[in-house]
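A short worksheet on the structure shown next.
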Amino acid sequence: MKKVRCPKCNHYITFDETRYKKGETLVFECPDCRKQFGIRIGTSQEAEKEAVDCGSILVIENVFHFEQTLPLGLGDNVIGRYVKGCDINLPIETTDPSVDTTHCIINVSRNRTGQFIYTIRDATPDGTGTFVSNTILRDNERLRIEDGTIITIGATTMILRTAGCSDEETTAERKR
């Protein structure tokens with residue numbers, strides 16, 4: 467099952483993508499605002515370009531939002547609260563007012579041997595702060611992070627999953 471969001475009112479519509487062929491166009495009508503919009507089934511050009519697994523951020527469910535997995539790409543990954551019209555790489559769909567629209571940035575790069583290097587910095591020094599393992603990042607501070615690092619922005623907790631690590635491992639670790 468896939469979810470699509472109404473471009474007018476942000477209401478989610480769920481549908482079964484297995485019933486449709488790749489390249490097929492679907493038209494939906496939002497039950498809330500009656501807006502009609504279309505989508506095309508298949509992979510986007512950006513998704514095909516970013517076939518490299520650079521890891522992900524697992525957003526832990528709380529009262530403000532559901533559990534989410536945000537895939538990382540090479541370069542700067544801007545993390546923040548989803549707001550319609552705000553153009554960031556990794557929006558978190560949350561109602562947490564203490565998460566800024568551009569809260570922190572995780573840079574993914576490769577070293578000489580081809581291994582991924584993950585670096586985090588705060589995007590808005592005057593905001594509520596970015597905490598890495600319960601330590602606040604100071605202004606202009608960059609910190610190298612690794613698999614399993616706990617990141618907190620506002621009331622939102624996230625866990626870094628480096629390339630090659632599965633979400634099943636993450637779920638098993640949390641249940642222990």
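The opening position of the sequence shown corresponds to residue 467 in my numbering, with each subsequent residue numbered one higher. We treat Cβ as the ideally placed atom computed from N, Cα and C, and that holds for glycine.
Determine the DSSP secondary structure at residue i, reduced to helix, strand or coil.
i    : result
R464 : Past the boundaries of the shown model lies residue 464; the chain is included only from 467 to 642, so the question cannot be answered.
R604 : coil
S575 : strand
K469 : strand
D613 : coil
T568 : coil
T590 : coil
T480 : strand
F628 : Here residue 628 is Thr; the residue named in the question, Phe, does not match the sequence. Three-state DSSP puts T628 in coil, outside helix and strand.
In the DSSP assignment, what are the bridge partners of residue i?
i    : result
T596 : I619
Which residue wins for smallest C-alpha separation from residue i, given the options the options?
i    : options             : result
V470 : V493, K487 and P537 : V493
A589 : R604, F530 and F532 : R604
Quiz prompt | Secondary structure, alpha helix (DSSP H): runs of 4+ residues fully inside the region 494 to 561 | solution = Counting only runs of 4 or more, we get 511 to 515.
Quiz item: Quick check: the region 563 to 576 against the region 619 to 627, are there 3 or more CB pairs under 8 angstroms?
Solution: For the pair of segments examined, the region 563 to 576 was found to touch the region 619 to 627: the number of CB pairs separated by less than 8 angstroms reaches three.
Quiz prompt | Stretch-stretch touch, CB-based, cutoff 8 angstroms, three pairs: the region 517 to 524 with the region 535 to 543 | solution = Verdict: yes, contact present.
Quiz prompt | Given 8 angstroms, three or more beta-carbon pairs between the region 540 to 554 and the region 572 to 590 | solution = Taking a contact to require three or more Cβ pairs closer than 8 angstroms, the region 540 to 554 and the region 572 to 590 qualify as touching.
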